[in-house]
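**Student:**
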Amino acid sequence: MMQHLPILQVLLPLLGAPLAALLRHRDMAWGLALLLTGAAFLISIILFSQQQMTGETLVYDLGGWPAPIGIVYVIDAASALVLPVISGIAFVATIAARRLVEAEIDARDHALFYAAWLLTIAGMLGQVTTGDAFNIFVFLEISSLSAYALVAMGAGRDRRALPAAFNYLILGTVGATFYVIGLGLLYMLTGTLNLVDLSDRLADVQSTRAAFTALAFIALGLFLKMALFPLHFWLVPAYAHAPSAVSALMAATATKVSVYVLIRLVFGVFGIDFPGLADAVGLLVLTLGIAGAFVGTLAAILETDLKKLFAQSSIAQLGYMAIGIGAMSATGLAAAFIHLFNHALMKGALFLAIGAIAAQVGRAGMGTIQGAGRQIPLTMTAILVGGLALIGVPLTAGFISKLYLVRALLEQDFWLLAALTFISSALALAYVWKIIETAWLKERPKGAPVLVETPVHYVPAWLMVIATIGFGIFASPLVDAAYAAAHVFIGGAR
Amino acid sequence: MSNLIAHWNYFLVIALMMIGFYAVIARGNMVKKMVGLSIFQTSVFMLYISMGKVANGTAPILTGDTTTLYANPLPHVLILTAIVVGVATTAVGYALIIRVYESYGTIEDDELIKIIETEENAEAGDA
Numbered sequence: 174m175m176q177h178l179p180i181l182q183v184l185l186p187l188l189g190a191p192l193a194a195l196l197r198h199r200d201m202a203w204g205l206a207l208l209l210t211g212a213a214f215l216i217s218i219i220l221f222s223q224q225q226m227t228g229e230t231l232v233y234d235l236g237g238w239p240a241p242i243g244i245v246y247v248i249d250a251a252s253a254l255v256l257p258v259i260s261g262i263a264f265v266a267t268i269a270a271r272r273l274v275e276a277e278i279d280a281r282d283h284a285l286f287y288a289a290w291l292l293t294i295a296g297m298l299g300q301v302t303t304g305d306a307f308n309i310f311v312f313l314e315i316s317s318l319s320a321y322a323l324v325a326m327g328a329g330r331d332r333r334a335l336p337a338a339f340n341y342l343i344l345g346t347v348g349a350t351f352y353v354i355g356l357g358l359l360y361m362l363t364g365t366l367n368l369v370d371l372s373d374r375l376a377d378v379q380s381t382r383a384a385f386t387a388l389a390f391i392a393l394g395l396f397l398k399m400a401l402f403p404l405h406f407w408l409v410p411a412y413a414h415a416p417s418a419v420s421a422l423m424a425a426t427a428t429k430v431s432v433y434v435l436i437r438l439v440f441g442v443f444g445i446d447f448p449g450l451a452d453a454v455g456l457l458v459l460t461l462g463i464a465g466a467f468v469g470t471l472a473a474i475l476e477t478d479l480k481k482l483f484a485q486s487s488i489a490q491l492g493y494m495a496i497g498i499g500a501m502s503a504t505g506l507a508a509a510f511i512h513l514f515n516h517a518l519m520k521g522a523l524f525l526a527i528g529a530i531a532a533q534v535g536r537a538g539m540g541t542i543q544g545a546g547r548q549i550p551l552t553m554t555a556i557l558v559g560g561l562a563l564i565g566v567p568l569t570a571g572f573i574s575k576l577y578l579v580r581a582l583l584e585q586d587f588w589l590l591a592a593l594t595f596i597s598s599a600l601a602l603a604y605v606w607k608i609i610e611t612a613w614l615k616e617r618p619k620g621a622p623v624l625v626e627t628p629v630h631y632v633p634a635w636l637m638v639i640a641t642i643g644f645g646i647f648a649s650p651l652v653d654a655a656y657a658a659a660h661v662f663i664g665g666a667r
Numbered sequence: 210m211s212n213l214i215a216h217w218n219y220f221l222v223i224a225l226m227m228i229g230f231y232a233v234i235a236r237g238n239m240v241k242k243m244v245g246l247s248i249f250q251t252s253v254f255m256l257y258i259s260m261g262k263v264a265n266g267t268a269p270i271l272t273g274d275t276t277t278l279y280a281n282p283l284p285h286v287l288i289l290t291a292i293v294v295g296v297a298t299t300a301v302g303y304a305l306i307i308r309v310y311e312s313y314g315t316i317e318d319d320e321l322i323k324i325i326e327t328e329e330n331a332e333a334g335d336a
């Protein structure tokens with residue numbers, strides 16, 4: 174049993190999906206989703222602590238076929254760190270989903286909603302675990318296809334979800350197809366798809382133009398999937414018009430998985446010494462990352478809808494992860510992993526709290542939350558803490574992210590970039606202040622709908638808030654794990 | 210020159226790829242976008258399938274004769290999976306187009322953008 178854990182955490186939600194669709198009953202489907210995401214979370218915690226204790230890489234051969242013939246699932250320091258983030262958020266989002274889905278989605282569709290929900294989670298967990306490059310594509314499409322359907326389910330409340338889902342589908346498919354083109358070139362060069370094997374055999378042909386073209390296609394495809402500026406236009410409408418539960422799950426996990434896959438492919442397969450990698454990918458990612466940080470933050474300041482505001486801020490935060498990757502150093506990668514982890518917590522808290530408001534009154538605009546600070550203090554405080562963490566205020570997880578990001582940049586003497594990172598983070602204060610001012614300093618307008626909060630509304634968000642603060646104060650286990658993850662790809666001291 | 214002719218299949222693939230990609234980007238009609246996307250994906254199928262060809266190789270069926278030269282079956286198997294994914298994407302895409310048409314009465318990008326902008330302005334008005 175224990176040795177099958179790497180496959181079980183993917184298999185449980187994957188097999189649960191058709192079962193949820195067959196159950197037809199919404200509470201049973203929800204219960205099943207809760208049970209399976211809970212089990213996946215438990216398994217990923219076990220795998221993480223096992224990996225931490227032994228420090229070894231756990232390789233699971235599917236069907237008993239060892240690599241490179243068979244497909245393997247690999248639990249190393251990097252995947253062990255990312256798995257609990259995804260399954261943990263999925264678990265908490267599932268707890269919240271019951272109330273949110275009841276409020277926003279037609280009762281007939283609930284069982285199907287949870288089927289797609291479980292599929293997208295299985296797809297994300299699979300992408301992180303698998304050690305086979307083509308298998309990554311398959312899981313990528315499993316999670317994306319069900320995500321398109323989930324976003325489109327927002328149409329019952331907001332019909333703009335439909336064009337948003339369509340654009341997401343077009344760009345998501347283009348991104349995934351670019352990835353497959355790059356993979357095809359790699360397969361032509363090496364004759365293998367196993368990530369470890371690929372990286373070994375690529376060393377002989379690394380100065381060919383085909384290898385560089387493959388890198389370009391794969392990187393570009395994943396930039397699209399991770400919504401790196403300027404390829405981010407699908408993200409904001411998709412997150413803003415999706416059902417609230419879906420916004421929370423996707424904002425916290427979907428793009429992070431693509432960031433992880435990018436790191437795994439670029440550093441794990443091509444490697445830091447690949448000719449042209451540091452110039453082409455490194456410089457490009459740094460430039461786009463810092464540009465995205467500014468564009469996303471400025472766009473967030475101008476938004477009046479809370480979901481859109483924080484979706485724009487996701488563009489900025491993905492920019493910071495890109496900067497960590499672009500630093501091309503162990504500290505940079507560690508910073509990217511730390512921010513990947515922390516940002517998932519913050520955005521989970523924010524979107525769950527916003528969802529609790531949007532599910533009551535249809536949408537969470539600035540008008541909706543005006544003076545709401547006294548009416549729903551716990552929900553608004555969750556949004557406040559999430560916002561402060563986005564800026565990078567000390568005692569929140571966001572501070573640790575920014576600390577290591579700036580440290581990675583200073584290590585390489587990128588003074589200007591470090592300053593720009595600092596400035597763009599400070600700019601985030603503008604949109605957080607806008608929320609504070611609207612929610613606490615203004616009076617609630619007369620005739621505004623009464624917002625309520627009961628434990629079902631705020632507990633899921635607060636679980637994330639507590640984690641955000643917890644990892645802000647007791648950051649050292651996370652930092653250690655992130656460095657271990659970074660050292661999978663780039664050697665070197667701390 | 211001989212190099213060009215020897216790799217004619219890849220030129221065909223790239224031509225198809227660009228035709229499809231152009232349609233995805235340049236067309237405002239959702240159905241045309243989907244058609245472009247399908248052409249784009251098909252070009253990738255052809256890229257994979259043609260790379261599995263081994264000169265003078267036959268179909269990869271085990272006969273017990275060890276001297277037979279086979280085509281590489283692995284890319285074909287991979288593309289079987291990718292075709293399934295492509296069909297699923299196409300199905301979801303067209304299903305969305307039907308829903309968009311039912312809801313908005315149009316599937317032209319520019320008209321949709323106008324409708325959505327009006328809705329957003331109305332929303333910003335009461336925010």
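Top to bottom, those sequences are chains A and B. Sequential numbering from 174 applies to the first sequence in this note's numbering. Sequential numbering from 210 applies to the second sequence in this note's numbering. Glycine residues also receive a C-beta, built at the ideal position from the N, C-alpha and C atoms. Every value quoted in this text rests on a predicted model; they were computed, and no experiment measured them.
Where A451/A and I445/A are concerned, what is the direct C-alpha to C-alpha distance, given to the nearest angstrom?
**Tutor:** For A451/A and I445/A, the distance between alpha carbons rounds to 7 Å.
**Student:** Against chain B, does P336/A count as a neighbour if the rule is that its beta carbon must be under 8 Å from one of theirs?
**Tutor:** Cβ-Cβ to chain B under 8 Å: yes for P336/A.
**Student:** Does DSSP put L475/A in a helix, in a strand, or in coil?
**Tutor:** Three-state result, L475/A: helix.
**Student:** Determine the DSSP secondary structure at T327/B, reduced to helix, strand or coil.
**Tutor:** Correct three-state label for T327/B: helix.
**Student:** Please list the partners that V253/B has in chain A, where partner means a Cβ-to-Cβ separation under 8 Å.
**Tutor:** Chain A residues near V253/B: T350, V353, I354, G357.
**Student:** Are there 16 or more other CB atoms within 10 angstroms of the CB of F447/A, so buried, or fewer, so exposed?
**Tutor:** By the neighbour-count rule (16 or more Cβ atoms within 10 Å), F447/A is buried.
**Student:** Express the C-alpha separation of G505/A and Y577/A in angstroms, rounding to a whole number.
**Tutor:** If you take the alpha carbons of Y577/A and G505/A, they lie about 8 Å apart.
**Student:** Can you tell me whether G364/A is buried or exposed? The criterion is at least 16 other CB atoms within 10 Å of its CB, across all chains shown.
**Tutor:** Exposed.
**Student:** Is there contact between the region 214 to 234 of chain B and the region 549 to 557 of chain A, where contact requires at least three CB pairs shorter than 8 Å?
**Tutor:** No, because fewer than three Cβ pairs between the region 214 to 234 of chain B and the region 549 to 557 of chain A fall closer than 8 Å, the two stretches do not touch.
**Student:** I want to see whether chain B comes within less than 8 Å of E584/A, judged by CB atoms only; does it?
**Tutor:** It does not: the Cβ of E584/A has no partner Cβ on chain B nearer than 8 Å.
**Student:** Residues of chain B with a CB under 7 Å from the CB of I702/A: which are they?
**Tutor:** Outside the displayed span of chain A (174 to 667) sits residue 702/A, for which this structure offers no information.
**Student:** Whole angstroms is fine: what's the gap from A464/A's alpha carbon to G236/A's?
**Tutor:** C-alpha separation (whole angstroms): 46 Å.
**Student:** Nearest by alpha-carbon distance to L459/A: which of M501/A, L475/A, P257/A is it?
**Tutor:** Of the listed residues, the one whose Cα sits closest to L459/A is M501/A.
**Student:** According to the neighbour-count rule (16 or more other Cβ atoms, all chains shown, within 10 Å of its Cβ), is V324/A buried or exposed?
**Tutor:** The residue in question, V324/A, is buried, as its Cβ has 16 or more Cβ neighbours within 10 Å.
**Student:** Nearest-angstrom Cα distance between I234/B and G462/A?
**Tutor:** Each residue's Cα considered, the two are about 24 Å apart.
**Student:** Do T641/A and A537/A have their C-beta atoms closer together than 8 Å?
**Tutor:** No, the pair does not count as a contact, with Cβ atoms beyond the cut-off.
**Student:** Can you name the residues that DSSP bridges to N367/A?
**Tutor:** In the DSSP output, where bridge partners are listed per residue, N367/A has D305/A.
**Student:** On the three-state DSSP scale, how would you describe I248/A?
**Tutor:** Strand at I248/A.
**Student:** Show which residues of chain B have a CB atom less than 8 Å away from the CB atom of M361/A.
**Tutor:** Neighbours of M361/A on chain B, chain order: M260.
**Student:** Under three-state DSSP, which class holds E616/A?
**Tutor:** E616/A: coil per DSSP, three-state reduction.
**Student:** Are the beta-carbon atoms of T350/A and V296/B separated by less than 8 Å?
**Tutor:** No, Cβ-Cβ distance for T350/A and V296/B is not below 8 Å.
**Student:** If the cut is a Cβ gap below 7 Å, which residues of chain B does G462/A touch?
**Tutor:** None at all; the shortest Cβ gap to chain B is about 24 Å.
**Student:** Could you check what DSSP says for T315/B in three-state terms: helix, strand or coil?
**Tutor:** Of the three classes helix, strand and coil, the one that applies to T315/B here is coil, per DSSP.
**Student:** Where does D373/A fall in DSSP's three states?
**Tutor:** Note: D373/A maps to helix in three-state DSSP.
**Student:** I want to see whether chain B comes within less than 8 Å of E275/A, judged by CB atoms only; does it?
**Tutor:** Not an interface residue.
**Student:** Please classify Q176/A as buried or exposed, where buried requires at least 16 other C-beta atoms within 10 Å of its C-beta.
**Tutor:** With fewer than 16 Cβ atoms within 10 Å of its Cβ, Q176/A is classed as exposed.
**Student:** Just to confirm, is the Cβ distance from L256/B to N265/B under 8 Å?
**Tutor:** No. Outside cutoff.
**Student:** If we call anything under 8 Å between Cβ atoms a contact, is A545/A one with A473/A?
**Tutor:** Their beta carbons are not under 8 Å apart, which means A545/A does not touch A473/A by this criterion.
**Student:** To the nearest angstrom, how far is the alpha carbon of L479/A from that of T299/B?
**Tutor:** Each residue's Cα considered, the two are about 32 Å apart.
**Student:** So if I threshold CB-CB distances at 7 Å, which residues from the region 302 to 319 of chain A count as touching chain B?
**Tutor:** Listed by position along the chain: F307, V311, E314, L318.
**Student:** What residue ranges within the region 550 to 621 of chain A form continuous beta strand (DSSP E) runs of no fewer than 3 residues, ordered along the chain?
**Tutor:** The region 550 to 621 of chain A contains no whole beta strand (DSSP E) run of 3 or more residues.
**Student:** Can you tell me where the alpha helix (DSSP H) holding Y631/A begins and where it ends?
**Tutor:** Residues 628 to 646.
**Student:** Between the alpha carbons of A599/A and V430/A, how many angstroms are there, rounded?
**Tutor:** Cα-Cα distance, rounded: 27 Å.
**Student:** Please state whether the Cβ-Cβ distance between A526/A and A634/A is less than 8 Å.
**Tutor:** Taking 8 Å as the Cβ cut-off, A526/A and A634/A qualify as a contacting pair.
**Student:** State yes or no: is the C-beta of R199/A within less than 8 Å of the C-beta of A289/A?
**Tutor:** Contact: no.
**Student:** Along the region 611 to 630 of chain A, where does the CB come closer than 7 Å to a CB of chain B? Name the residues.
**Tutor:** Answer in chain order: no residues at all.
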